[in-house]
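Colleague: Protein chains in written order, with numbering that gives the first Met the number 0: chain A, 0 to 51; chain B, 0 to 217; chain C, 0 to 217; chain D, 0 to 203; chain E, 0 to 203; chain F, 0 to 255. Questions regarding the structure given below will be posed in turn.
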Amino acid sequence: MMPDLGKYADTVISAYIVSLLLLAAIVALSVWRGRRVRAEMERIEARVSKHG
Amino acid sequence: MIALLLRDLRLAFRAGGGFGLGLAFFLIVTVLVPFSVGPQSDLLATIAPGVLWLGALLACLLSLDRLLALDWEDGSLDLLATAPLPLEATVSVKALAHWITTGLPLVLAAPVLGVLLNLPGPGFSWLLVSLLLGTPALSVIGTFGAALTVGLKRGGLLLSLLVLPLYVPTLIFGAEVARRGAVGMETSTPLLLLAGITAGAVALLPFASAAVLRVNLR
Amino acid sequence: MIALLLRDLRLAFRAGGGFGLGLAFFLIVTVLVPFSVGPQSDLLATIAPGVLWLGALLACLLSLDRLLALDWEDGSLDLLATAPLPLEATVSVKALAHWITTGLPLVLAAPVLGVLLNLPGPGFSWLLVSLLLGTPALSVIGTFGAALTVGLKRGGLLLSLLVLPLYVPTLIFGAEVARRGAVGMETSTPLLLLAGITAGAVALLPFASAAVLRVNLR
Amino acid sequence: MTLTVSDLSIARGGLPVLEGLSFVLEPGRALILRGPNGIGKTTLLRTLAGLQPALTGRIEGAEDRIAYAAHSDGIKPTLSVTENLAFWASVFGTRDIAPALDAFALNDLAGRFAGNLSAGQKRRLGLARMLVTGRPIWMLDEPTVSLDRDAVALFADAVRAHLGQGGSALIATHIDLGLEAEVLEVGPYKAAPPPLDDFDGGFL
Amino acid sequence: MTLTVSDLSIARGGLPVLEGLSFVLEPGRALILRGPNGIGKTTLLRTLAGLQPALTGRIEGAEDRIAYAAHSDGIKPTLSVTENLAFWASVFGTRDIAPALDAFALNDLAGRFAGNLSAGQKRRLGLARMLVTGRPIWMLDEPTVSLDRDAVALFADAVRAHLGQGGSALIATHIDLGLEAEVLEVGPYKAAPPPLDDFDGGFL
Amino acid sequence: MPMSRTDKANTFWSYANPKKFLATTERMLPVLWVLAFACLAIGLVWGFFFTPDDYRQGSTVKIIYLHVPSALMAINTWLMMLVTSLIWLIRRHHVSALAARAAAPVGIAFTLIALVTGAIWGQPMWGTWWAWDPRLTSFLILFLFYLGYVALWEAIDDPDTAADLTSVLCLVGSVFALLSRYAVNFWNQGLHQGASLSLDKETNVADVFYQPLLVAIAGFVLLFVALVFYRTGTEIRARRIKALLARERAQEGMGR
Ligand code: HEM
Ligand SMILES: Nc1ncnc2c1ncn2[C@@H]1O[C@H](COP(=O)(O)OP(=O)(O)OP(=O)(O)O)[C@@H](O)[C@H]1O
Ligand SMILES: Nc1ncnc2c1ncn2[C@@H]1O[C@H](COP(=O)(O)OP(=O)(O)OP(=O)(O)O)[C@@H](O)[C@H]1O
Ligand SMILES: [Mg+2]
Ligand SMILES: [Mg+2]
């Protein structure tokens, strides 16, 4: 399954790991903040429309 | 005192508070060095420990003018001076907050920047150790400088001028540790001296800072 | 406009105004370099042009936060904006005052500091020329940065972060001229490019600065 | 010379604060703005002075006619009283600062650095600046803050003299200045909150 | 609890400004300082608060008893109203900021960043700080600057409540606060210019 | 400040209406996410598992599937920010300014990926993590511009002021970034490969490497679009929260 990476195995694998981690981080951060902001907005919308 | 520390940290983290800016400044100064001295990597490797120390020192220096001056301008300092908290404690806490928000991030970022300047392998750990030991002294000495110049509008430049000479011993020993470490020489003497300077500064300077601050508040 | 220039110069010369402080900062940074990279004189000679340019740049940078922020804080900027003077002229005059009080002294002092760093003989005149051509660009670009951050309390560090990347081309060409000059190489290409950057910045950036300032005054 | 404001709406921090404001300020007249803290007096003055754009409405006769005195005075602590005034005089193209010094009893302080003045003295200097602008419409934001009674009287005299020369003045204040002037209560013009539900175009 | 000041002389910028000042401030009483601009009221308050030394004379009963409110308020624009107050409360070792918020009608503003308040709102926050100090002697330097009429009334109520609990207050002001308090005119204590000839000890 | 004007007709500009933008992007987003992750997965798996080694670079050539797309997108993100900034300055559509704000952190992430994969690649190829090659150096400078841009957004709390200032910074910064690019080229001749995606296929990467690379690039582009749409939505909501809170304050009177 795993291709033979030869003597550069560490290099290639670490490049993939770091990149995928960074991609995951930006996606996770976006989604986390997006969820939070959306919930916050709904909370405030509810409160504001109650008060008129 | 914890309330004061928490407040200072919170102020630093709030938008516009400037946390992380010291770090960015450090990064930029490091990047500018090759532009000015040229890109030869062996030359850069030779001067790397010194440049990193100098960069960290300047980043510390630049953030000093927010340390007390903001509190002075809006009157907080007057009020803190009349509060039931000895002024020595106040300045120590402020120095600690400064170190946490400026010195510590610099220490952690320095190895990454070492890569940019081709710092030789063994240099990394020594750079880290010397910065970890030296930056508290920079914060404490800087607080003294900030207390000296607190009454002056935008005294930032004068502050730099007063503080830089005081930084010289710390810089010499700190950079020496990093430099010797990078070329695999023995480092224990400058390391001890550096530790001594830091310990002395942390123990004694707050009294001087508080005294000076009292005069400035008058 | 002349009144504004004279006022700015007078403020700079008055006690606490910061005239000469940029110079002193330049001096100290230059002096600290041998402490941090070690005292070998050939190494110093190699990096001298670069270090002098970087030092001049940092000294300029540090004085930027007084450029507009003081006038903002005490409300002068609001009043100047309602005065019969186009804001473009105001920012240009302020950049000019900054150059006269900071850039010009640095240019004149650089040869003296060159001696301290063993700058090779032919390097002196080229250093002088490159700084003379380059520092106006530093002041004008800096004014833009100051206008961007004028509303922020002690925005000094953010200002550095914004301005330093903008300084890169000026620094590269300026230091290149000085470096090539010091080793007797041909300098006309980088010199022309440096002049081009300065001319472009002086001609165009005041409009951007004024626009940004208007937004900040809103 | 008449300042005409019609159906003006102004905003601060992205929200309308006052709306539907109309008034006319004739030469020789003063108008006093009153209203509770935070209603938008400062915002109104800044808008009229051209420092920020209006939301809607028209302002006529303001361009290059207004001398504005804000909460802060634009005084340089390291310049002397005379130097401070002379600077503003030459920016506005007038020359003579003697009348201004006289009007606010600053002659004794003329040579002092402005930074060494007390709060009230500084304020007097800030007000003297209005006289050297030579502009016909004065806009003053709480001009009498930290002035003592004599200084308030000096200020009222200066305003009266200005009106006598065909100038006009718009003054936001909480206290009684002893001026015979119309009063504009801005409270009733408080902007209604924008409608909530549409979330169209804007963010509300 | 009584603050006793006897034969006090104070200086500002190296020059004596007031001399021979004596008064007693009993618990439950307020004292209003009046005097023209630049006479030395601010200097007097700073001296009593321990921020600068007196030239001569004695101050008794001040040590660690004074809550001082200066011309500027010590408010952090990037902290909310609550955070600002809570900070001072914990510095002074009191916990509860609710009464202070109530007393100055700050409840509606509690969550806002202090930087977004108008001039008068900021001032109210600065005054609310006095309540969380828990100190018996209040020293206030022109506390009502830029407050509207309602807010001045709130302030007077807060002072009255403080006096009712055995506290005392020393207030420098130019306007009438509607408080039943003694008034101390400091004008008559203006320091005589020091004699020119002796050049002994000092430089004059 | 007049609120953004909305054109009546169902033109391109009508998407500048925040509500309409939200509604439209919300419908597109699930598809975009799926497509993006599919392309990414296919491209990267294909590249990692099913391509041969290069005769000179060995297996390190597999890094290209991360390095080139991220480098490409790092630059394109800035270009997109430049365009949206201009739209804000000229037409004053709030969504445009917010899209620029939303894109910047994504650009930072791409720049970081390009830098890190490049650095890791450099170790075996050039024997050093970092060299002051012009291509690498200009990326570092681009990174600094991103940092400054984001820091300025964060430092200003009035949203319209922040939008105006960052837009002008983006404009001026673009000019200086370009200048820096030439300055850096002049300053040092480098080690780095030339551009690969030219039309002249002979001199470039062989097809076996080329096809998965294209898929990976498509994946990065789609991911970028999805992220920017999503994040712009977040910014719109954050902006609405601000407006709602401000409105609430104003309504409660002057705090009394
Ligand atoms: C940290 C450092 C690096 C940065 C910022 C960087 C940046 C870039 C950029 C901007 C491109 C342009 C994409 C395009 O034009 O198509 C690129 C392409 C490329 N880079 Fe890098 N790079 C770095 C290090 C490296 C290293 C160390 C290697 C390997 C030796 C490398 C190999 C390549 C290759 C093979 C391409 C594809 C273009 C071609 O095939 O000619 N890069 N890189
Ligand atoms: N920087 C700011 N950002 C957001 N909102 C603000 C800002 N400054 C003031 N405001 C709000 O705008 C409104 C109008 O403020 P303004 O300063 O014009 O009031 P004012 O009438 O001058 O009050 P005062 O009498 O207290 O000076 C207030 O509700 C205030 O809270
Ligand atoms: N920094 C200073 N240096 C030197 N002299 C000063 C300084 N500040 C104030 N003075 C002078 O000291 C005197 C007392 O000032 P002080 O501020 O105490 O007056 P005040 O009674 O509070 O006046 P106000 O009602 O205007 O606030 C004044 O004559 C003033 O000019
Ligand atoms: Mg106001
Ligand atoms: Mg006073």
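From the three backbone atoms N, C-alpha and C, an ideal C-beta is built for every residue, glycine too. Predicted, not measured: the structure shown is a model, and the values here were computed from it.
Should L198(F) be labelled buried (16 or more other beta-carbon atoms within 10 Å of its own) or exposed?
Modeller: Residue numbering aside, residue 198(F) sits at position 199 when the sixth sequence is read from its first letter. Caution applies to L198(F), whose pLDDT of 39 falls short of 50 and renders its modelled position unreliable; the value that the coordinates give is listed next. Burial call: exposed.
Colleague: Residues of chain C with a CB under 9 Å from the CB of L143(F): which are they?
Modeller: As a position in the sixth sequence, residue 143(F) is number 144, starting the count at 1. Neighbours of L143(F) on chain C, chain order: L160, L163, P164 and V167.
Colleague: Work out the CA separation of I240(F) and P193(D) for me, nearest whole Å.
Modeller: To locate residue 193(D), count along the fourth sequence from 1; it is residue 194. To locate residue 240(F), count along the sixth sequence from 1; it is residue 241. Distance between the alpha carbons of P193(D) and I240(F): 14 Å.
Colleague: So who's on the other strand from V182(D), going by DSSP bridges?
Modeller: Residue numbering aside, residue 182(D) sits at position 183 when the fourth sequence is read from its first letter. Partner(s): I31(D).
Colleague: Is the CB of F12(B) under 8 Å away from at least one CB in chain F?
Modeller: Indexing the second sequence from 1 puts residue 12(B) at position 13. No, F12(B) lies away from the interface with chain F (no Cβ there is under 8 Å from its Cβ).
Colleague: So which residues on chain E does G49(B) lean against when the C-beta distance must stay under 9 Å?
Modeller: Against the second sequence, residue 49(B) aligns to sequence position 50. Residues of chain E passing the Cβ test: none, with the nearest at roughly 37 Å.
Colleague: Mind checking whether the beta-carbon of S117(D) lies closer than 7 Å to any heavy atom of ligand 5?
Modeller: Position 118 of the fourth sequence, counted from the first residue, corresponds to residue 117(D). Checking every heavy atom of ligand 5 against the Cβ of S117(D), one is found closer than 7 Å.
Colleague: Roughly how many angstroms separate the alpha carbons of L191(D) and E18(D), rounded to a whole number?
Modeller: The residue labelled residue 191(D) in the question sits at position 192 within the fourth sequence. The residue labelled residue 18(D) in the question sits at position 19 within the fourth sequence. First, the amino acid is wrong: residue 191(D) is Ala here, not Leu. Each residue's alpha carbon lies about 8 Å from the other.
Colleague: For a test of the three-state rule: what should DSSP assign to P142(D), helix, strand or coil?
Modeller: Position 143 of the fourth sequence, counted from the first residue, corresponds to residue 142(D). Note: P142(D) maps to coil in three-state DSSP.
Colleague: Does the stretch 36-51 of chain C come within contact of the stretch 189-198 of chain C, defined as at least 3 CB pairs closer than 8 Å?
Modeller: Because the criterion of three Cβ pairs below 8 Å is not met, the stretch 36-51 of chain C and the stretch 189-198 of chain C do not touch.
Colleague: Taking the beta strand (DSSP E) that F25(C) falls in, what are its first and last residues?
Modeller: Within the third sequence, residue 25(C) is the residue found at index 26, counting from 1. Looking at the DSSP string, F25(C) is not in any beta strand (DSSP E); the run it does join, the alpha helix (DSSP H), is L20 to V36.
Colleague: Tell whether a beta-carbon distance below 8 Å holds between F143(C) and V171(F).
Modeller: Stepping through the third sequence from its first residue, residue 143(C) is reached at position 144. Stepping through the sixth sequence from its first residue, residue 171(F) is reached at position 172. Yes, they are a contact pair.
Colleague: I believe F24(C) touches L156(B) by the beta-carbon criterion, under 8 Å. Please report the beta-carbon distance rounded to the nearest angstrom.
Modeller: Within the third sequence, the letter at position 25 stands for residue 24(C). Within the second sequence, the letter at position 157 stands for residue 156(B). That belief holds up - the Cβ atoms of F24(C) and L156(B) are roughly 6 Å apart, short of 8 Å.
Colleague: Name the two residues that bound the continuous beta strand (DSSP E) containing R148(D).
Modeller: Numbered from its first residue, the fourth sequence carries residue 148(D) at position 149. Segment R148 to G163 is the alpha helix (DSSP H) holding R148(D); no beta strand (DSSP E) there.
Colleague: At a CB-CB cut-off below 7 Å, which residues of chain B make contact with L146(F)?
Modeller: Taking the sixth sequence and counting its residues from 1, the one referred to as residue 146(F) is at position 147. By Cβ distance, chain B contributes A23.
Colleague: For R248(F), go through chain E and note every residue whose CB falls closer than 8 Å to its CB, in chain order.
Modeller: To locate residue 248(F), count along the sixth sequence from 1; it is residue 249. Neighbours of R248(F) on chain E, chain order: D107, L108 and R111.
Colleague: In chain A, which residues lie less than 7 Å from A150(F) when you measure between Cβ atoms?
Modeller: Reading the sixth sequence from its first residue, position 151 is the one you call residue 150(F). By Cβ distance, chain A contributes nothing, its closest Cβ being about 17 Å from A150(F), past 7 Å.
Colleague: With a threshold of 8 Å between beta carbons, is G27(D) in contact with chain F?
Modeller: Taking the fourth sequence and counting its residues from 1, the one referred to as residue 27(D) is at position 28. With 8 Å as the cut-off, G27(D) does not count as an interface residue toward chain F.
Colleague: Within this structure, are the beta carbons of I58(D) and L47(D) separated by less than 8 Å?
Modeller: Indexing the fourth sequence from 1 puts residue 58(D) at position 59. Indexing the fourth sequence from 1 puts residue 47(D) at position 48. Yes, the Cβ-Cβ distance between I58(D) and L47(D) is below 8 Å.
Colleague: Can you give me the C-alpha to C-alpha distance between A209(B) and L10(B), rounded to a whole angstrom?
Modeller: Position 210 of the second sequence, counting from 1, holds the residue named residue 209(B). Position 11 of the second sequence, counting from 1, holds the residue named residue 10(B). Whole-angstrom Cα-Cα distance: 22 Å.
Colleague: Within the continuous beta strand (DSSP E) that includes R217(B), where are the two ends?
Modeller: Against the second sequence, residue 217(B) aligns to sequence position 218. Element bounds for R217(B): n/a, residue is neither H nor E.
Colleague: Please list, in chain order, the chain E residues whose beta carbon lies closer than 9 Å to that of L146(D).
Modeller: Locating residue 146(D) in the fourth sequence gives position 147, where the first residue counts as 1. Near L146(D) (Cβ distances below 9 Å), the residues of chain E are N36 and H173.
Colleague: Please tell me whether L50(E) has its Cβ less than 8 Å away from any Cβ of chain B.
Modeller: Residue numbering aside, residue 50(E) sits at position 51 when the fifth sequence is read from its first letter. Judged by the 8 Å Cβ criterion, L50(E) is in contact with chain B.
Colleague: For P135(D), does the three-state DSSP call read helix, strand or coil?
Modeller: For the purposes of this step, residue 135(D) is identified with residue 136 of the fourth sequence, where counting begins at 1. The answer is coil: DSSP assigns P135(D) none of H, G, I, E or B.
Colleague: Taking 8 Å as the CB-CB cut-off, is D163(F) touching chain D?
Modeller: Position 164 of the sixth sequence, counted from the start, is the residue given in the question as residue 163(F). Not an interface residue.
Colleague: Taking 8 Å as the CB-CB cut-off, is K19(F) touching chain A?
Modeller: Taking the first residue of the sixth sequence as position 1, residue 19(F) is located at position 20. Output row for K19(F): interface = no.
Colleague: Any heavy atom of ligand 4 closer than 7 Å to the beta-carbon of H70(D)?
Modeller: As a working note, residue 70(D) is residue 71 in the fourth sequence. Correct: H70(D) has its Cβ closer than 7 Å to ligand 4.
Colleague: For chain B, check one thing: does any of its Cβ atoms lie closer than 8 Å to the Cβ of I99(C)?
Modeller: Translated into positions along the third sequence, residue 99(C) becomes position 100. False, the Cβ-Cβ gap to chain B never drops below 8 Å.
Colleague: What span of residues does the beta strand (DSSP E) with G144(B) cover, start to end?
Modeller: The residue you call residue 144(B) lines up with position 145 of the second sequence. Per DSSP, G144(B) belongs to no beta strand (DSSP E); it is in the alpha helix (DSSP H), G122 to L147.
Colleague: Taking 7 Å as the cut-off, is the C-beta of K75(D) nearer than that to any heavy atom in ligand 5?
Modeller: Sequence index remark: in the fourth sequence, residue 75(D) carries index 76 (1-based). No, the Cβ of K75(D) stays beyond 7 Å of every heavy atom of ligand 5.
Colleague: According to the Cβ coordinates, are S117(D) and P26(D) closer than 8 Å?
Modeller: The residue you call residue 117(D) lines up with position 118 of the fourth sequence. The residue you call residue 26(D) lines up with position 27 of the fourth sequence. Not a contact, by the Cβ cut-off of 8 Å.
Colleague: Return the CA-CA distance between R111(D) and I96(E), expressed in angstroms with no decimal places.
Modeller: As a position in the fourth sequence, residue 111(D) is number 112, starting the count at 1. As a position in the fifth sequence, residue 96(E) is number 97, starting the count at 1. In a straight line, the C-alpha of R111(D) is about 44 Å away from that of I96(E).
Colleague: Could you check which residue in N36(D), A157(D), I9(D) and A127(D) has the C-alpha nearest to that of D147(E)?
Modeller: In the fifth sequence, residue 147(E) corresponds to position 148, counting from 1. That would be N36(D), whose Cα lies nearest to the Cα of D147(E).
Colleague: In the DSSP assignment, find the alpha helix (DSSP H) that holds G49(C) and state where it starts and stops.
Modeller: For the purposes of this step, residue 49(C) is taken as residue 50 along the third sequence, with counting starting at 1. Start and end: S40 to S62.
Colleague: From this set, T160(F), D159(F) and F142(F), which residue's C-alpha is nearest L161(C)'s C-alpha?
Modeller: If you number the third sequence from 1, residue 161(C) lands on position 162. Checking every option, the nearest Cα to that of L161(C) belongs to F142(F).
Colleague: Do P222(E) and F154(E) have their C-beta atoms within less than 8 Å of each other?
Modeller: Since the first residue of chain E shown is 0 and the last is 203, residue 222(E) is not available in this structure.
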